[in-house]
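Trainee: This structure is in structure tokens; I'll ask about it shortly.
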Amino acid sequence: MLSIKNLHASVEGTPILRGINLEVKAGEVHAIMGPNGSGKSTLASVLAGREEYEVTEGEVIFQGKELLEMAPEDRAREGVFLAFQYPVEIPGVSSTNFLRTALNQVREYRGQEPLDAVKFLTLMKEKMKLVEIDQKLLSRSLNEGFSGGEKKRNEIFQMAMLEPTLSILDETDSGLDIDALRIVSNGVNKLKSDKTATIVVTHYQRLLDYIVPDFVHVLYKGRIVKSGTKDLALELEEKGYDWIKEEVDSATAV
Amino acid sequence: MSKDNQILEELTSKEYEHGWSVNFEADEAPAGLNEGIIRWISAKKEEPEWLLEWRLKAFKTWQSMKEPEWANVHYPKVDFQALKYYSAPKQTKKPKSLDEIDPELLAIYERLGISLNEQKRLQGIAVDAVLDSVSVATTFKGTLAKLGIVFCSFSEAVKEHPELVKKYLGSVVPMTDNYYAALNSAVFSDGSFCYIPKGVRCPMELSTYFRINAANTGQFERTLIVAEDESYVSYLEGCTAPQRDENQLHAAVVEIYAGAHAEVKYSTVQNWFPGDKEGKGGIYNFVTKRGICAGDHSKISWTQVETGSAVTWKYPSCILKGDYSIGEFYSVAVTNNYQQADTGTKMIHIGKNTKSRIVSKGISAGKSQNSYRGQVQVMKRADNARNFSQCDSLLMGDQCGAHTFPYIDINNSSAQVEHEATTSKIGEDQIFYCNQRGIATEDAVALIVNGYAKEVLNQLPMEFAVEAQKLLALTLEGSVG
């Protein structure tokens, strides 16, 4: 589904990603872990098409198409979803209104009829249950005055509504207490299918107790330096990142 | 050039939708302004002697006045002698009903999306349509008359209800008030008149559409709304003009009188031609609007959505004379390209326990300049006066300007006055967030801007709110982080 080859990207001339290679197939869950500043969030942003990141080398093929050639909105319409680490507030725009605009633009792109108000609300009610979100929250201005947990839950709710093929969760666990973490993870798990894939970007192993990955990759200095199964995540939890850093740094020093 | 700048470029090249004009025979005054012209206009309109005298007095006053220069706008001076002060579509006889109105005139309004055909009106809005200098048609007159409500053109009011006109004309905006008010008093040609008798709640929105069609013509309409004790009316005003290279002058006066326990809501969606993307042409919109809450517990509420005009100079104000009276001002002013707007309000607290609320949302794009200018004045005897002002500015791009000039003048120590101001830019983060959910940048900006202006748009009657939202989106399709 997704094939990242030798991806290099920089911000204002500083290289952050230095040759990422990653294959993600339908039905898989990949966890990207790594110490702070290793480039985890940059990878998520580059895939979603954030403008301040400049891709200097490499290619990304998503369902047979050159992802990097597409505008951010077209990537979304093709089925790439990014759950933001810091969801943005848009004053005066209700979540409902925002999502309806988004969903209908996505549907238009896919050659589907726009949903009328009734059908939209029916769909919304159905998905609300999935992520245990309150309707009151959805009639408020998007993310404005939401708690950390509410923001993250709202991200997963949007994911449920937009039904993406590839979901990228960028540090979705940050700022969540254990109950919120459980609700958010449950939502993600319910949305998984053999036709979709998930990339979970996280610093901690904790989230992976709930969203169990098929593969775990460790990012360090802009490269994937180690890949494994969920046992790797447990090992990282126990030993920290230092041993990997040492391994890599001594290898490059030689 | 970044993507955002490109979109901004595209939006600035957006054509003005109502930029057409229609050629029909017009009955015009020769260009120029002198006593003779004023006598000519007055005679043309078969006015009584007292009104002619009033006009001539205003003209003398105007001649002794200087054009105001304190506003934060810059434009070449208007040559008042080059303008024509009266232009009327030629009609062989006065139409008695809508059926007799020149179909070409009706077609103009159809193109604007305003149907004068009563049967077609779904929402029950009575419309008075003013083209250039004269009122073309007023709908729903009969229905309103049964309630004792008068809604007609100003000229008709002069003929049919001279005692009311005489009593209230100039009572809120005296002819000596300012340069443009004096000019308007001298040469005003038509406008709307509205009278709500005591205890009557007007059952429908009253609406006036203004359009300048003829070239080199000034439009000087005069609107007078009188709401007697315990009455209620909601009044809407819409404006468009054809696209022309030269600047056209619009200097209107609106006066509102509210008796005890009366409430008047006045909403404007102003979309005069703003000039082209190089700043050529466009309307000079120099307007004086003021209402007096004369009686206790009365309320006047101004809501304006200003998207058009090359230069805007406009401060809808409230004189809160009655005890417990309330004044409100809700404004969205959008400027783009080379537009300049200096707009705001004055709240003058005279009565005890008076309250006022100001919500101003400025949006500047392109190379435009957008200023809020507001005054809150609390007089000596106005015990417990309260004011809350909120002035927000939203900037798009890095070549526009937003300015705030609040004046606060308090002469009573029991007053409570609050002023909040914010300036923000549409964030790249917000746009990217929308993009990531599949929303195109143009639509993202429309969404964000409408959200920003929501508090004001919510004040508009439903039909107008939809129109205003579309207008905002149209004026500002694009963004800059």
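Which chain is which? The protein sequence lines are A and B, in order. When the letters of the first sequence are read in order and numbered with UniProt numbering, they come out as residues 1 to 254. When the letters of the second sequence are read in order and numbered with UniProt numbering, they come out as residues 1 to 481. A virtual CB, placed ideally from N, CA and C, is assigned to each residue, including glycine.
Classify A/E12: buried if its beta carbon has 16 or more other beta carbons within 10 angstroms, exposed otherwise.
Mentor: exposed
Trainee: If we count the other Cβ atoms within 10 Å of its Cβ and call it buried at 16 or more, is B/V150 buried or exposed?
Mentor: buried
Trainee: When you compare only the Cα positions, how much space is there between B/N275 and B/I283?
Mentor: Looking at the sequence itself, residue 275 of chain B is Gly, so the reference to Asn does not match. Looking at the two C-alpha atoms, the distance is approximately 7 Å.
Trainee: Could you list the residues in the stretch 437-454 of chain B with a C-beta less than 8 Å from some C-beta on chain A, going in chain order?
Mentor: R437, G438, I439, A440, T441, D443, L447, I448, N450, G451, Y452, A453 and K454
Trainee: Which one of B/I256, B/P316 and B/S185 has the shortest CA to CA distance from B/Q63?
Mentor: For the residues B/I256, B/P316 and B/S185, the minimum Cα distance to B/Q63 belongs to B/S185.
Trainee: By the three-class DSSP mapping on this structure, what secondary structure does B/Q123 have?
Mentor: Only weak support exists for where B/Q123 lies, its pLDDT of 45 falling under 50; the value from the coordinates is given anyway. Coil at B/Q123, not helix or strand.
Trainee: Assuming A/P72 and B/Q436 form a contact by the criterion Cβ under 8 Å, report the distance between their Cβ atoms to the nearest whole angstrom.
Mentor: A/P72 to B/Q436, Cβ: 6 Å. Contact.
Trainee: Here's the rule: buried if 16 or more other CB atoms are within 10 angstroms of the residue's CB, otherwise exposed. What is B/Q119?
Mentor: Its pLDDT being 40, under 50, B/Q119 is placed unreliably in this model, and the value from its coordinates should be taken loosely. Only exposed fits B/Q119, as fewer than 16 other CB atoms lie within 10 angstroms of its CB.
Trainee: By DSSP, does B/L326 sit in helix, in strand, or in coil?
Mentor: Checking the sequence shown, residue 326 of chain B turns out to be Ile, not Leu. Strand.
Trainee: What is the DSSP secondary structure of A/P164, reduced to helix, strand or coil?
Mentor: coil
Trainee: Please look up how many angstroms separate the CB atoms of B/N337 and B/K277, rounded, as I've assumed it's under 8 Å.
Mentor: 5 Å
Trainee: So with CB distances below 7 Å, who are the chain B contacts of A/T101?
Mentor: I439, D443 and L447
Trainee: Can you name the residues of chain B whose CB is closer than 7 Å to the CB of A/Q158?
Mentor: Ordered by position in chain B, the residues that pass the 7 Å Cβ test against A/Q158 are R437.
Trainee: Can you list, in chain order, the residues of the stretch 415-439 of chain B whose Cβ is nearer than 8 Å to any Cβ on chain A?
Mentor: G427, E428, D429, Q430, F432, Y433, C434, N435, Q436, R437, G438 and I439
Trainee: Can you tell me the Cα-Cα spacing of A/E246 and A/G240, whole angstroms?
Mentor: 11 Å
Trainee: Once you ignore the five residues that flank B/A29 on each side, which residues in its own chain have a CB closer than 7 Å to its CB?
Mentor: I37, W40, I41, K84, Y85 and Y86
Trainee: Starting from the N-terminal side, write out each stretch of the beta strand (DSSP E) that is 3 residues or longer and does not extend beyond the stretch 176-213 of chain A.
Mentor: Entirely contained in the stretch 176-213 of chain A, the beta strand (DSSP E) runs reaching 3 residues are, in chain order, 197-201.
Trainee: Could you say if the stretch 323-340 of chain B and the stretch 278-298 of chain B meet the contact criterion of at least three C-beta pairs nearer than 8 Å?
Mentor: yes
Trainee: Assuming contact is defined by CB atoms lying nearer than 8 Å, are B/K314 and B/V287 in contact in what I supplied?
Mentor: Closer than 8 Å, so yes.
Trainee: If we cut at 8 Å on Cβ distances, does A/Q105 have a partner in chain B?
Mentor: The beta-carbon of A/Q105 is placed less than 8 Å from the nearest beta-carbon of chain B.
Trainee: State the beta-bridge partners of B/P406 as determined by DSSP.
Mentor: B/G374
Trainee: So what does B/L320 bridge to, in DSSP terms?
Mentor: B/C293 and B/H349
Trainee: Between which two residues does the beta strand (DSSP E) containing B/Y266 stretch?
Mentor: E263 to Q270 is the extent of the beta strand (DSSP E) around B/Y266.
Trainee: Bridge partners of B/G344, per DSSP?
Mentor: B/R373
Trainee: On the three-state DSSP scale, how would you describe B/R222?
Mentor: Here B/R222 sits in strand by DSSP.
Trainee: Taking 8 Å as the CB-CB cut-off, is A/E171 touching chain B?
Mentor: No, its Cβ sits nowhere closer than 8 Å to a Cβ of chain B.
Trainee: Can you tell me where the beta strand (DSSP E) with A/N6 in it begins and where it stops?
Mentor: Where A/N6 is concerned, the enclosing beta strand (DSSP E) starts and stops at L2 to V11.
Trainee: Let me check understanding here. Comparing Cα to Cα, which of A/E51, A/Q85 and A/F84 lies closest to A/M70?
Mentor: It is A/E51.
Trainee: On a Cα-Cα basis, can you pick out the residue from B/F220, B/T268, B/A385 and B/L236 that is closest to B/Q248?
Mentor: B/F220
Trainee: Does the stretch 400-407 of chain B come close enough to the stretch 357-364 of chain B to have 3 or more Cβ pairs within less than 8 Å?
Mentor: yes
Trainee: Locate the alpha helix (DSSP H) running through A/K129, then write down its first and last residues.
Mentor: If you look at A/K129, you'll find it in the alpha helix (DSSP H) that goes A117 to V131.
Trainee: Take A/V225 and list the residues in its own chain whose beta-carbon comes closer than 8 Å to its own, dropping the five residues that flank it on each side.
Mentor: Here the set comprises V218, L219, I244, E247 and V248.
Trainee: Near A/G49, what residues of its chain come up, given a Cβ to Cβ distance below 6 Å and the 5 sequence neighbours on each side ignored?
Mentor: Closer than 6 Å at the Cβ level, and outside the excluded window around A/G49, lie P72 and R75.
Trainee: Of all the CB atoms in chain B, is at least one closer than 8 Å to the CB of A/A48?
Mentor: Closer than 8 Å to some Cβ of chain B, the Cβ of A/A48 qualifies, so yes.
Trainee: What does a CB cutoff of less than 7 Å around B/P461 pick up in its chain, not counting 5 residues either side in sequence?
Mentor: E205, S234, L236 and S267
Trainee: Within the chosen definition, does the stretch 431-451 of chain B reach the stretch 93-105 of chain A through at least 3 CB pairs nearer than 8 Å?
Mentor: yes
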